[in-house]
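One structure is given here, and the rest of the page talks about it.
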DNA sequence: GTCTATAGGCCGATAGAC
DNA sequence: GTCTATCGGCCTATAGAC
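Chains as they are written, first to last, in my numbering: chain A, 407 to 605; chain B, 407 to 605.
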């Protein structure tokens, strides 16, 4: 809401700590400390830990297009390939964190489901926006599919595959299950496309 | 290890509470209370909360075949259909819990990753056993696939799809993203099989 | 093996000076 | 808006009687 450097620093710190350690394990004094203030100041901006979580989820929503989609889309002119560039970026996050990466939205989703309705709705908004961005790519490629493709279902599967693949890579501390899953998804998308217009 | 009614009750209670509320949100007095004892007794069997978590994950491992795979496998003689019966059971859990169901192993995976090495390895063991059971079904159907199918990759994708689909259903409080994802997975598996031997 | 009782610490949140 | 100081509570874990 308000543009305040302290507020921004608090949200940034909370976002990083929630992603690294989870919501419940992160204490407000850790958040305040990482932002360079004390908890008294934190409560000036956020009346509760839960409201801070909502601000973090809103920040993810705002960062989706500029930080997740746009950089991947920029690396290819082929809309279908753009989808796989997004997935390739997740692969890069898994590797660059030495398999510590977990999707922060997915992790929060499972941690707070049935506990925090407002936050859950914001997770839903993040998922919906993610799928809408991916779906738009498949829509652009509609002419190259052999049949009428359900781009809604394809986008849901893309998110499903990303979440499941990232989760398995983290547990196994190996990129193998990620690559196996994505390669199968690619096979499937290829199977839907006319020959001569491979991805 | 030791067969003790109290110990069993503690593990059962912990399993249910961890699944419902997560590991961090569950307190040991809740676990003890649900098992009908006090925390002093809990510490007779488990020297720490982390060791109780390990016992829970071992109990999931022991329950995988009799509770997850066998009932689904029993409903069909077709090994490929058996895979989809397993997924259908997850669908049933999502619906019967009014969308509160989240895969307890996947939830623990994301909650404890990078926090508890021993527990993480047990999550890995659960995932590996799940994939091995599914892979064995695809192996039994090997003759019906058109090409040499990578059953390892297919099993990894099956777990990926289950985890991602269950997660989305919980967030969206709707079965739609689950069904969309599974229907796409079924399309893919069908596309790998010889015509005249559909699932 | 189960109990009572409690240690010791950290947490979310608040009050109020500046 | 940021600080100091602290409340009240709950947590994991322990000690020791029975």
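All residues carry an ideal CB built from backbone N, CA and C; glycine is no exception. In this text, all values refer to a predicted model and were calculated from it rather than measured experimentally.
Cut-off 8 Å between Cβ atoms - residues of its own chain near residue i, not counting five sequence neighbours on either side
i                      : result
residue 557 of chain B : 541, 544, 545, 548
residue 478 of chain A : 488, 491, 492, 494, 495
residue 583 of chain A : 571, 574, 575
residue 562 of chain A : 537
residue 522 of chain A : 456, 459
residue 565 of chain B : 533, 536, 537, 540
residue 524 of chain A : 456, 460
Min CB distance residue i to chain B below 8 Å
i                      : result
residue 558 of chain A : yes
residue 464 of chain A : no
residue 456 of chain A : no
residue 424 of chain A : no
residue 529 of chain A : yes
residue 543 of chain A : no
residue 508 of chain A : yes
residue 566 of chain A : yes
Contacts around residue i, its chain only, beta-carbon distance under 6 Å, and the 5 residues preceding and following it disregarded
i                      : result
residue 444 of chain A : 438
residue 567 of chain B : 587, 591
residue 415 of chain A : 441
residue 503 of chain B : none
Beta carbon of residue i nearer than 8 Å to that of residue j
i                      : j                      : result
residue 500 of chain A : residue 515 of chain A : no
residue 461 of chain B : residue 441 of chain B : no
residue 569 of chain B : residue 512 of chain B : yes
residue 535 of chain A : residue 473 of chain A : no
residue 471 of chain A : residue 539 of chain A : yes
residue 459 of chain B : residue 429 of chain B : yes
residue 424 of chain B : residue 510 of chain B : yes
residue 526 of chain B : residue 486 of chain A : no
residue 601 of chain A : residue 550 of chain A : no
residue 581 of chain B : residue 497 of chain B : yes
residue 597 of chain B : residue 597 of chain A : yes
residue 505 of chain B : residue 431 of chain B : no
Contact with chain A by residue i, beta-carbon distance below 8 Å
i                      : result
residue 460 of chain B : no
residue 573 of chain B : yes
residue 431 of chain B : yes
residue 586 of chain B : yes
residue 492 of chain B : no
residue 496 of chain B : no
residue 438 of chain B : no
Same chain, Cβ closer than 7 Å to residue i, five either side skipped, listed in chain order
i                      : result
residue 446 of chain B : none
Checklist entry - Which residue spans inside the segment 503-531 of chain B form an unbroken alpha helix (DSSP H) run of at least 4? => result Taking 4 residues as the shortest admissible run, the segment 503-531 of chain B contains the following complete alpha helix (DSSP H) segments, listed from N- to C-terminal end: 510-518.
Checklist entry - Can you list, in chain order, the stretches of the alpha helix (DSSP H) that have 4 or more residues and sit fully within the segment 408-471 of chain B? => result List check, alpha helix (DSSP H) in window: 411-427, 434-441, 445-451, 455-469.
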